[in-house]
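Asker: Those sequence lines, one after another, are chains A and B.
Throughout the first sequence, residue numbering follows our numbering, covering 1 to 531 in sequence.
Throughout the second sequence, residue numbering follows our numbering, covering 532 to 695 in sequence.
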Amino acid sequence: MGDTSKEPNKTNLERRDLIKGLATVPVAGVFLVNLWRKMSRDKAKKANLLSDLIKKKSAPAAVKSISNSRHLNIGVIGYGGRGSHLVRGAGFATKGWTDTVSENARKNKLDKQFETFMSQEDLNCSLVGVCDVFDVNAELGINASENDIRPGGNPKASATRYRHYKDLLASDDIDAVIIATPDHWHSRISIDAAKAGKHVYCEKGMTRTFDEAIDVYDAVKKTGITFQLGHQNRQVEANEKAREIVQQGLLGPINLVEITTNRNSPWGAWVWGIHPKGNEQTIDWETFQEPSPNKIPFGEEALKRFFRWRCWYDYGTGLSGDLFSHDFDAINQIMDIGIPKYASSTGGVYFYKDGRDVPDVWNATFEYPNKDLTLLYSASLSSNNPRGNRIMGHDATMQMGGQSGGGSVHGFAVTADSESTQYKDRLKSGIINPNYPIYTYSPGSKEIDGVTSATSRYFANKGLLYTYRAGKRVDPTHLHIKDWLDSIRDGSMPKCNIDVAFHEAVTCAMATESYFTGRRVEWDPVNRKLI
Amino acid sequence: MSSLDISIKENKYQLYGLVVLRVLIGWHFLYEGIAKLINPYWSSAAYLLDSKWIFSGLAKSIVANPTLLTISDYTNMWGLTLVGCSLLLGLFSRYGSLVGMALVLSYYLFAPPLLGLEYGKPNEGSYLIVNKNLIEACALWVVYVFPTSNIIGLDRFFSNQEKH
Chain A
1 MGDTSKEPNK TNLERRDLIK GLATVPVAGV FLVNLWRKMS RDKAKKANLL SDLIKKKSAP
61 AAVKSISNSR HLNIGVIGYG GRGSHLVRGA GFATKGWTDT VSENARKNKL DKQFETFMSQ
121 EDLNCSLVGV CDVFDVNAEL GINASENDIR PGGNPKASAT RYRHYKDLLA SDDIDAVIIA
181 TPDHWHSRIS IDAAKAGKHV YCEKGMTRTF DEAIDVYDAV KKTGITFQLG HQNRQVEANE
241 KAREIVQQGL LGPINLVEIT TNRNSPWGAW VWGIHPKGNE QTIDWETFQE PSPNKIPFGE
301 EALKRFFRWR CWYDYGTGLS GDLFSHDFDA INQIMDIGIP KYASSTGGVY FYKDGRDVPD
361 VWNATFEYPN KDLTLLYSAS LSSNNPRGNR IMGHDATMQM GGQSGGGSVH GFAVTADSES
421 TQYKDRLKSG IINPNYPIYT YSPGSKEIDG VTSATSRYFA NKGLLYTYRA GKRVDPTHLH
481 IKDWLDSIRD GSMPKCNIDV AFHEAVTCAM ATESYFTGRR VEWDPVNRKL I
Chain B
532 MSSLDISIKE NKYQLYGLVV LRVLIGWHFL YEGIAKLINP YWSSAAYLLD SKWIFSGLAK
592 SIVANPTLLT ISDYTNMWGL TLVGCSLLLG LFSRYGSLVG MALVLSYYLF APPLLGLEYG
652 KPNEGSYLIV NKNLIEACAL WVVYVFPTSN IIGLDRFFSN QEKH
């Protein structure tokens with residue numbers, strides 16, 4: 001046969017080659033069509049939610065940067081565990097601490113404590129005074145003021161030790177004081193500091209009693225000093241986002257808010273170590289217990305009370321001022337709930353029968369008839385089942401901390417209610433599925449850190465250890481100190497100013513009063529009295 | 532390239548079975564890759580942090596080092612996507628199946644369901660020593676040793692011996 005007879009055969013073969021070579025390309029086409037359909041569906045879902053949820057997509061207002069305008073000298077009264085953390089927030093850590101955390105970071109690259117501290121902004125201040133009734137702590141405070149391993153390099157001054165807080169307040173070179181004593185000293189020192197014209201950062205709970213709350217409020221208002229209460233949650237980005245969502249009415253009418261504390265370790269129940277150097281020579285016990293209602297002589301019991309003061313009403317208010325106050329303030333930040341009309345609480349010492357008189361299981365109810373709202377608080381120090389906090393609306397529930405947040409720390413998730421009115425149509429059309437969150441906020445989900453201990457996780461879940469600014473991890477305590485110092489400089493109101501601090505103090509005092517008396521306590525805002 | 536036994540080539544059921552296996556694995560890889568590429572929050576960190584057994588130390592060092600983590604993320608996102616395209620379209624499928632096998636075997640080795648190893652992330656099924664990653668790795672081994680892309684797939688255009 002000639003060449004011409006082969007032609008059709010060759011064409012056939014080429015066609016077969018082409019078909020076999022491209023045989024699976026249509027599958028790729030089917031894939032792409034389905035991918036496109038899936039992406040459009042996801043986009044429609046997202047657009048539908050995001051257009052509602054995130055009207056303001058802005059990050060929290062950029063942190064003011066006015067640290068350079070005026071150098072401030074600060075003093076610290078009470079340089080214990082919390083005091084040292086606050087002073088670190090201002091940029092001063094002991095040599096022992098910087099050595100330990102830099103070594104930790106070297107051994108475990110996931111440990112970012114040192115990096116977070118060193119990348120803090122230099123707040124243009126000096127730690128010039130330290131007052132503590134325990135010599136060891138006072139010396140540590142001075143050591144921190146001199147340590148050159150800090151953001152901003154060499155410190156400009158070295159702190160002076162003051163035996164009594166009044167001497168520190170009398171010093172002319174101090175502009176502002178951080179008060180991190182036990183709660184029974186807060187009001188006296190805050191009032192005296194205000195009278196001396198010193199600006200005050202006071203650790204929470206603001207006061208031990210209701211009367212003290214009134215006195216501190218009046219003193220701060222009268223003197224016009226800048227007062228910041230130590231609720232660093234005010235700086236947490238997640239709370240700002242939560243506020244945007246709640247304020248936009250996306251949860252619908254909110255009638256119930258549940259907040260919880262769940263801890264299960266001796267440390268979490270304030271059974272802290274007794275310092276081996278703690279004795280009658282190194283501790284000024286009489287000064288320590290001066291404002292407390294019940295006095296005891298120095299001895300073994302006093303040592304226990306000195307290092308574990310949170311376990312006694314003589315010095316603090318137990319779960320109320322210590323842990324409820326954090327969650328209350330976060331809810332107040334998100335929802336502006338203010339002081340309740342009624343409070344009642346119950347509880348007991350059910351697990352830690354170690355001589356303490358503050359309950360380790362404590363539940364409190366707060367009624368806001370004007371806002372059609374009940375706030376429930378439930379705390380256990382013998383179970384760390386992470387119940388988290390829930391803002392329960394008719395249309396959606398916001399779950400914060402605990403098991404929410406897509407598995408990451410301190411996020412929150414909003415899930416629509418299957419019987420929601422606002423989302424009725426979207427629920428019906430399947431755009432919203434009540435079994436899955438319609439919005440999750442988990443900042444830093446790509447950032448991995450080595451927060452591992454149960455207690456750090458407790459605080460991290462509540463956003464109290466770290467927050468994120470533009471995706472970068474920051475210690476909210478640092479931001480809170482910065483907010484206070486900047487407000488001193490420009491005369492603005494800090495985020496946890498005396499007005500919201502007063503809400504916290506009165507609310508805590510109402511619940512404590514109810515626990516003592518066994519009856520419902522009412523707030524009379526006109527006469528500023530508890531009934 | 533080695534080629535299929537003539538018996539398999541001539542047995543359409545065996546040949547098509549192998550092609551379908553290759554294409555389905557390709558589809559799975561491609562979507563796994565694209566799903567990660569289009570999710571700005573995806574990172575291999577969560578998987579690595581939950582790693583157990585002999586590679587858990589390596590996994591933690593990867594997470595601790597931002598550069599290594601970024602490399603790991605990109606290797607996974609693009610590796611899965613490219614392997615997916617390769618298997619689906621039958622383009623360089625032998626290399627695709629080898630790379631795919633390496634990827635999926637590493638997922639197995641970083642978190643094997645061995646006795647006594649507990650994972651934070653709940654499983655979607657029940658596994659004892661053998662899990663779907665191991666099976667998919669073996670399936671890719673089959674795809675590798677029974678190459679079909681030079682008969683059905685774009686590789687056909689680069690291979691003369693398989694024509695006719």
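Glycine included, each C-beta is placed from N, C-alpha and C at the ideal position.
Treat the numbers as computed from the prediction; the structure is a model and nothing was measured.
1) Please check if any C-beta of chain A sits within less than 8 Å of the C-beta of VAL674 of chain B.
2) Which residue comes first and which comes last in the alpha helix (DSSP H) that contains PHE306 of chain A?
3) When the cut-off is 8 Å and only beta carbons count, does MET532 of chain B lie next to chain A?
4) Take SER420 of chain A and list the residues in its own chain whose beta-carbon comes closer than 6 Å to its own, dropping the five residues that flank it on each side.
5) With a cut-off of 8 Å on the beta carbons, I'd call ILE683 of chain B and ALA23 of chain A a contact; round off their distance for me.
6) Using a 10 Å radius around the Cβ and a threshold of 16 neighbouring Cβ atoms, would you call LEU32 of chain A buried or exposed?
7) On a Cα-Cα basis, can you pick out the residue from A:GLU244, A:ASP17, A:LEU303 and A:GLY347 that is closest to MET335 of chain A?
8) State yes or no: is the beta carbon of LEU619 of chain B nearer than 8 Å to at least one beta carbon in chain A?
9) Could you check where the beta strand (DSSP E) with VAL177 of chain A kicks off and where it finishes?
10) How about ASP314 of chain A and PRO293 of chain A: are their beta carbons less than 8 Å apart?
11) My output table needs one value for LEU659 of chain B: the three-state DSSP class, helix, strand or coil.
12) Could one say the Cβ of GLU667 of chain B lies closer than 8 Å to chain A's Cβ atoms, at least one of them?
13) Take ALA670 of chain B as the anchor and find which of B:HIS559, B:GLU563, B:ILE539 and B:SER538 has the nearest alpha-carbon.
14) Identify the contact partners of VAL25 of chain A in chain B, using a Cβ-Cβ distance below 7 Å as the criterion.
15) Identify the contact partners of VAL554 of chain B in chain A, using a Cβ-Cβ distance below 7 Å as the criterion.
16) Whole angstroms is fine: what's the gap from ARG426 of chain A's alpha carbon to ILE432 of chain A's?
17) Just checking, does the segment 543-553 of chain B make contact with the segment 577-594 of chain B on the three C-beta pairs under 8 Å criterion?
18) Taking the straight line between their C-alpha atoms, what separation do you get for ARG625 of chain B and VAL676 of chain B?
19) With 7 Å as the limit, tell me which residues of the segment 606-617 of chain B have their beta carbon closer than that to any beta carbon of chain A; keep them in chain order.
20) Does THR346 of chain A pass the burial test, meaning 16 or more other C-beta atoms within 10 Å, or should it be called exposed?
21) Check THR226 of chain A in the structure and name its three-state DSSP category.
22) Pull up the CB-CB distance for SER84 of chain A and GLY129 of chain A, whole angstroms please, since I reckon it's below 8 Å.
23) What are the boundary residues of the beta strand (DSSP E) that includes GLN399 of chain A?
24) What residues of chain A sit near ARG687 of chain B, judged by a beta carbon separation below 8 Å?
25) When the cut-off is 8 Å and only beta carbons count, does ASN715 of chain B lie next to chain A?
26) Out of curiosity, what's the CA-to-CA distance linking ILE142 of chain A and VAL216 of chain A?
27) Give the DSSP bridge partners of MET392 of chain A, in chain order.
28) Comparing the C-beta of ILE682 of chain B with each C-beta of chain A, is any distance below 8 Å?
Answerer: Once the coordinates are examined:
1) Chain A, which has no Cβ nearer than 8 Å to the Cβ of VAL674 of chain B, makes this no.
2) 300-307 is the extent of the alpha helix (DSSP H) around PHE306 of chain A.
3) Bear in mind that a pLDDT of 48 at MET532 of chain B, under 50, signals an unreliable position, so the model cannot answer this.
4) Result list for SER420 of chain A: ASP395, in chain order.
5) Sure, about 5 Å apart at Cβ, within 8 Å.
6) Flag for LEU32 of chain A reads exposed.
7) Closest option to MET335 of chain A, Cα to Cα, is A:GLU244.
8) Cβ-Cβ to chain A under 8 Å: yes for LEU619 of chain B.
9) Unbroken beta strand (DSSP E) run through VAL177 of chain A: 176-179.
10) The Cβ-Cβ distance between ASP314 of chain A and PRO293 of chain A falls below 8 Å.
11) Three-state DSSP puts LEU659 of chain B in a strand.
12) No, GLU667 of chain B lies away from the interface with chain A (no Cβ there is under 8 Å from its Cβ).
13) When only C-alpha atoms are compared, the closest one is B:HIS559.
14) Simply LEU620.
15) Residues of chain A passing the Cβ test: THR24 and VAL27.
16) Their backbone Cα atoms lie some 6 Å apart in a straight line.
17) By the C-beta criterion, the segment 543-553 of chain B is judged not to be in contact with the segment 577-594 of chain B, since fewer than 3 inter-stretch pairs fall below 8 Å.
18) Across the structure, ARG625 of chain B and VAL676 of chain B are spaced so that their CA atoms are roughly 8 Å apart.
19) Listed in sequence order: no entries.
20) Around the Cβ of THR346 of chain A, a 10 Å sphere holds fewer than 16 other Cβ atoms; the residue is exposed.
21) Residue state, collapsed to three classes: coil.
22) Between the beta-carbon of SER84 of chain A and that of GLY129 of chain A there is about 15 Å, and that puts the pair past the 8 Å contact cut.
23) Residues 396-400.
24) Simply ASP17, LYS20 and GLY21.
25) Since the first residue shown for chain B is 532 and the last is 695, residue 715 of chain B is missing from the structure and cannot be characterised.
26) The alpha-carbon of ILE142 of chain A is positioned some 29 Å away from that of VAL216 of chain A.
27) MET392 of chain A is bridged to A:LEU256 and A:THR397.
28) It does: the Cβ of ILE682 of chain B has a partner Cβ on chain A nearer than 8 Å.
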